[in-house]
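Asker: Going down the list, the sequences are from chains H and W. Numbered by the working numbering, the letters in the first sequence go through residues 821 to 1482 in order. Numbered by the working numbering, the letters in the second sequence go through residues 34 to 287 in order. Even for Gly, the Cβ is constructed at its ideal location relative to N, Cα and C. Let me begin by handing over the structure; questions about it come next.
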Amino acid sequence: MATSSKLNAKIPEGTIENKWTKYRSTVHLVNPSNKRSLEVIVVGSGLAGSSAAASLAEMGYKVKVFCYQDSPRRAHSIAAQGGINAAKNYQNDGDSVYRLFYDTIKGGDYRAREANVHRLAEVSSGIIDQCVAQGVPFAREYGGTLSNRSFGGTQVQRTFYAAGQTGQQLLLGAYSALQRQVGMGAVQLLARHEMMDVVTIDGKARGIIARDLVTGKLERHFGHAVLLCTGGYGNVFYLSTNAMGCNVTAAWKAHKKGAFFGNPCYTQIHPTCIPVSGDHQSKLTLMSESLRNDGRIWVPKKKDDARKAVDIPEEERDYYLERRYPAFGNLVPRDVASRAAKERCDAGYGVGASKMAVYLDFAANTERYGKIEATKLNLQNPSKAEIMRLGKEVVKEKYGNLFDMYKQITDENPYEMPMRIYPAVHYTMGGLWVDYNLMTTVEGLYALGEANFSDHGANRLGASALMQGLADGYFVIPYTIGDYLSEEIRTKAIPTDNEAFVKAEKEVQDRIDTLLNIKGTKTVDHFHKRLGKIMWEKCGMARNKEGLQWAISEIQKLKKEFWNEVRVPGTNNEFNTELEKAHRVADFIELGELMCIDALNRNESCGGHFREEFQTEEGEALRDDDNFAYVAAWEFKGESNFELHKEELKYENIKIAARSYK
Amino acid sequence: MSHGNMNLTLKVWKQKNKDSKGTFETYNVKGISPDMSFLEMFDVLNEQLITEGKEPIAFDHDCREGICGMCSMYINGRPHGPKGGVTTCQLHMRSFNNGDTIVVEPWRGAAFPVIKDLAVDRSSFDRIMAAGGFVSVNTGNAKDANNILIPKDDADTAFNAAACIGCGACVAACKNSSAMLFVSAKVSQLSLLPQGKIEKQDRVLNMVKQMDEEGFGNCTNTGACEAECPKSISLENIARMNREYLGSSFFQNK
């Protein structure tokens, strides 16, 4: 297999250990006086966007930041719970850059690019240093050093955390760095602004059209480079752990302007979420993967067992992860854990009213912690009740906020009975195709964080999203953007009355007018829910040829119906949240079709992409490395017309092998 | 679409934009499930309004898991409603009874102008942060993280202050519309940590100055902010900030 001539990943020469060091020491620089006249647009203010904007502004570039929320601090990175990985080896348990690199490639089921992942592992350590310097209050030991915990898919403790609010604390750190630059006048902040299109001139990204969400006014903004840090597209499924506003619109507009979309079918279904409780549900809530450190996952051995969980004796429980994967047990990667839960529920062993849930049980470890505490306190022959009381204190200290959240949502007390959990859409490994510099196939247009496809292959390991977002923003783009901008120092700011801006704005305006004038009978949410149902059933945890073909034709019908029958109330010249949603859902519909096309093309199972036709006798994902060890990068050619380009994945440092967690 | 049997009357603040006058409108919603969140109940109402050809109610929301700080309803006279320690998105309809009349307003305060209906402009908080809510450290300047040892108690106290989600419930709850709890949480977090101590005097002076310029009121130690804070941010932070502010003003030599 050869890589398409349209894709040049620009991976530097040299050994894997030296590529990045050598590259960043030799990449072209922009001198400080020239930086002052170079303008960079950053769309999105999550970990990738805030960290990139702050770092670029510190370096001297003129930066504009756009976010659809009322403040950059609301970006959905804030909701990440469990932690952030870094190869610090503070625990002296054998961690290293190589091991983090290896775990990430293996966790991604050998579908990620080696050079990018190794760089990620190399810069991981500096991220923790940077965050601590900013005042991020990570969890600490009594000696004052940083604390670590375990996460899925690894056998070392390399995850740094701040209770169950790690994403919040990291984002507030990046946000504070960003606000510092805003205060110094180096960054112009445009909150409640949504990017509506990318403007390209002579094949290069030169700015964006944004809509002021309060007034509805369309604005033209020039930039020498445009960075899309706009997160993932999990909301294509309607129900996901994403925030309500998370959307694919910026990435999709870029795609239609020439940026190839990489591996759109790679979706992460997170194993531990609170199950769906009814039709009214607007989103799903994650229970951090860190809970799998101390929670044991099980279902009854008997079908339709109506007894309460606590009344089912030990020998009648099936701890199916521990049974199937003794080496990693409850800490197998997310894709494996999710599929195993689905398998048990489909086989009729699910629990709860819907039978679509499994138990996550803390009783055994609560007792273990209680005994340790009793020993510390020199208690002789403590009663079971006493042990459990002491153990609950420890569990509360570790996971208190998550337990509270569970109780708030389900009205059940997880200290007394096991949690009920079920997999839910959480993260998208796919995204805009980028080269080693994080540049898309449109010159001057970059994608960072979850918005790009680059580091997680077909499955992301826990606590690696925060790592990648901040790596891209703090430590990759500040160097790699120089490669492009050093060639742009003679480009004067292009006035926004340039015809490319005028044309792009008119196209946006036309689309708004079209949406408002359909005046149909069905709401935007009506269409979004139907799209979500198609995607979840046919392009979710298990996929097959027939289902995907059906989904493609259903989505095409849905698209037609949307553009004929949607009702968007109100006008353009006001705060109009239905109009915002209509734009986003229209783009999700088109993306949904491409996801199914990609899933149909990939005749293998890997990571989060499970094709029922391709599995081992034991029901594990069956890869086809001879034919599918490539990145699928899709080029937009017109309505429902996408052309596949392949980037061959070469494994020169890790032996490609069947993934085993047994 | 819903599977519930609660019927409710809502009196909701409607206001076209910041320049127009607002008024209460009355709506009836039927078939609400006790398992719905308060915002999902609003989703049901808005779907109903759109289908009837009426204008939906504008409100802010995003993560719907209690952490982004975007939702902001003032429900029956209390920010984020009757249940303590939760945001509106984590308030469930089981906290209400069938037949209830519920009054829903936006945050009120001179520094939080209404954008539309229940959505308000909280950019004043961002400007306070830009005035000093940070440690002045550029990317790349950091030394190894474990070179800074921090006593666990200090780290935990700093974390508790850092848990603030910037929703503005403290301002909405305060009879003076004071932002002292919000500002003091950030001041406390950073001044408790060695990384933040170096510039703590400038920080508190600059943030308080900006807070005053934005039009927030004074603190008169009522404690409504702490009582209504969805993240239980402690009043002790205000005491700590006052000490720092006095000390910094006294020693200020600029």
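Using 10 angstroms around the beta-carbon of H/Q985, count the other beta-carbons present and answer buried if the total reaches 16, otherwise exposed.
Answerer: H/Q985 comes out buried.
Asker: Since H/E1463 is in the beta strand (DSSP E), which residue starts that stretch and which ends it?
Answerer: Where H/E1463 is concerned, the enclosing beta strand (DSSP E) stretches over N1461 to E1468.
Asker: Please return the same chain residues whose Cβ sits closer than 7 Å to the Cβ of W/G142, not counting the five positions on each side in sequence.
Answerer: Answer for W/G142: V204, A205 and S210, listed in chain order.
Asker: Note down, in chain order, every chain W residue with its Cβ under 9 Å from the Cβ of H/E1213.
Answerer: Chain W residues near H/E1213: none, gap ~15 Å exceeds 9 Å.
Asker: Name, please, each residue of chain W whose Cβ falls closer than 7 Å to the Cβ of H/L992.
Answerer: Result: A195.
Asker: What do you get for W/S35, buried or exposed, if any count of 16 or more other CB atoms within 10 angstroms of its CB means buried?
Answerer: The pLDDT assigned to W/S35 is 44, lower than 50, so where the model puts this residue is not dependable; a value taken from the coordinates is nonetheless given after this. That one is buried.
Asker: So with Cβ pairs under 9 Å, would you call W/K176 a contact of chain H?
Answerer: Answer yes: the Cβ-Cβ gap between W/K176 and chain H drops below 9 Å somewhere.
Asker: With 9 Å set as the bound, which would you pick, yes or no: does the beta-carbon of W/M34 sit closer than that to a beta-carbon of chain H?
Answerer: Interpretation of W/M34 is limited by its pLDDT of 39, a score under 50 that renders its predicted location unreliable; no figure is taken from the coordinates.
Asker: Quick one: grab the DSSP three-state call for H/H848.
Answerer: Three-state DSSP puts H/H848 in coil, outside helix and strand.
Asker: With H, G and I counted as helix, E and B as strand and the rest as coil, what does DSSP make of H/A1449?
Answerer: In this structure, H/A1449 counts as coil in the three-state DSSP scheme.
Asker: In terms of residue numbering, what span does the alpha helix (DSSP H) encompassing H/Y1226 cover?
Answerer: Here the alpha helix (DSSP H) through H/Y1226 covers K1204 to T1230.
Asker: Among the residues of its own chain, which have a CB less than 7 Å from the CB of H/K1482, if the five just before and after it don't count?
Answerer: Closer than 7 Å at Cβ, skipping near neighbours: Y1145, P1146 and A1147.
Asker: Taking the alpha carbon of W/N193 as the point to measure from, which residue in H/A1441, H/V956, H/L1399 and H/L1141 has its own alpha carbon closest?
Answerer: Looking at the Cα atoms, H/V956 is the closest of the given residues.
Asker: Could you work out which residues of chain W lie near H/F1395, taking near to mean beta carbons separated by less than 8 Å?
Answerer: Ordered by position in chain W, the residues that pass the 8 Å Cβ test against H/F1395 are N50, A91, I148, K149 and A152.
Asker: Select from H/Y922, H/F971, H/D923 and H/D1125 the residue whose C-alpha is nearest the C-alpha of H/S1110.
Answerer: Among H/Y922, H/F971, H/D923 and H/D1125, the Cα nearest to that of H/S1110 is on H/F971.
Asker: Using Cβ-Cβ distances below 7 Å, what residues of the region 258-274 of chain W are close to chain H?
Answerer: Taking 7 Å as the Cβ-Cβ cut-off against chain H, none of the residues of the region 258-274 of chain W qualify.
Asker: Given a cut-off of 9 Å on the beta-carbon distance, is the pair W/N40 and W/K63 in contact?
Answerer: Yes.
Asker: Which whole-angstrom value is the C-beta distance of H/Q889 and W/M103, which I expect to be below 8 Å?
Answerer: Correct: roughly 6 Å between the Cβ atoms.
Asker: How many angstroms separate the CA atom of H/I1132 from the CA atom of H/S1203?
Answerer: H/I1132 and H/S1203: Cα-Cα distance of roughly 22 Å.
Asker: What residue range is occupied by the uninterrupted alpha helix (DSSP H) comprising H/K1326?
Answerer: Per DSSP, H/K1326 belongs to the alpha helix (DSSP H) from E1319 to I1338.
Asker: Closer than 8 Å is the cut-off here; do at least three beta carbon pairs connect the region 1252-1259 of chain H with the region 944-958 of chain H?
Answerer: These segments do not touch.
Asker: Check whether chain W comes within 9 Å of H/L1464, counting only Cβ atoms and requiring the distance to be less than that.
Answerer: No, H/L1464 does not count as interfacial toward chain W.
Asker: Could you tell me how far apart the beta carbons of W/C197 and W/K264 are, in whole angstroms, since I believe they sit closer than 8 Å?
Answerer: Indeed, because the Cβ distance is near 6 Å, the residues count as touching under 8 Å.
Asker: Would you check if the region 220-240 of chain W and the region 156-168 of chain W touch, i.e. whether three or more CB-CB distances between them fall below 8 Å?
Answerer: Cβ pair count under 8 Å is three or more, so yes.
Asker: May I have the straight-line CA-CA distance separating W/A91 from W/V77, to the nearest angstrom?
Answerer: Approximately 13 Å between the Cα atoms of the pair.
Asker: Counting only C-beta atoms, is W/D189 closer than 9 Å to chain H at any point?
Answerer: So yes, W/D189 belongs to the interface.
Asker: If we call anything under 9 Å between Cβ atoms a contact, is H/I1476 one with H/L1399?
Answerer: Against a cut-off of 9 Å, the Cβ pair of H/L1399 and H/I1476 comes out as no contact.
Asker: What residues of chain H sit near W/V168, judged by a beta carbon separation below 8 Å?
Answerer: Going along chain H in sequence order, the residues near W/V168 (Cβ under 8 Å) are A953, Q954, G955 and S996.
Asker: Who are the near neighbours of W/G114 in its chain, counting only those whose CB is closer than 8 Å to its CB and skipping five residues on each side?
Answerer: Excluding positions up to five away in sequence, the list reads F71, M106, I108, T121, L124 and S128.
Asker: Closest to H/L1059 by C-alpha separation, out of H/H1346, H/E1366 and H/V1388, would be which residue?
Answerer: Taking only the C-alpha atoms, the option nearest H/L1059 is H/H1346.
Asker: Measure from the alpha carbon of H/Y981 to the alpha carbon of each residue in H/L990, H/Q975 and H/N1150, then state which is nearest.
Answerer: H/Y981 has its Cα closest to that of H/L990, out of H/L990, H/Q975 and H/N1150.
Asker: Starting from the beta carbon of H/A1441, find every residue of chain W whose beta carbon is closer than 7 Å, and list them in chain order.
Answerer: Those within 7 Å of H/A1441 in chain W number zero; the least Cβ separation is about 30 Å.
Asker: Suppose you measure from the CA of H/W1370 to the CA of H/A900; what does that come to, to the nearest Å?
Answerer: Straight-line Cα distance between these residues: approximately 34 Å.
Asker: How is H/K1349 classed by DSSP in three states: helix, strand or coil?
Answerer: Helix.
Asker: Taking W/K185 as the query, report the chain H residues whose CB atoms sit under 8 Å from its CB, ordered along the chain.
Answerer: Simply R960, E961, Y962 and G964.
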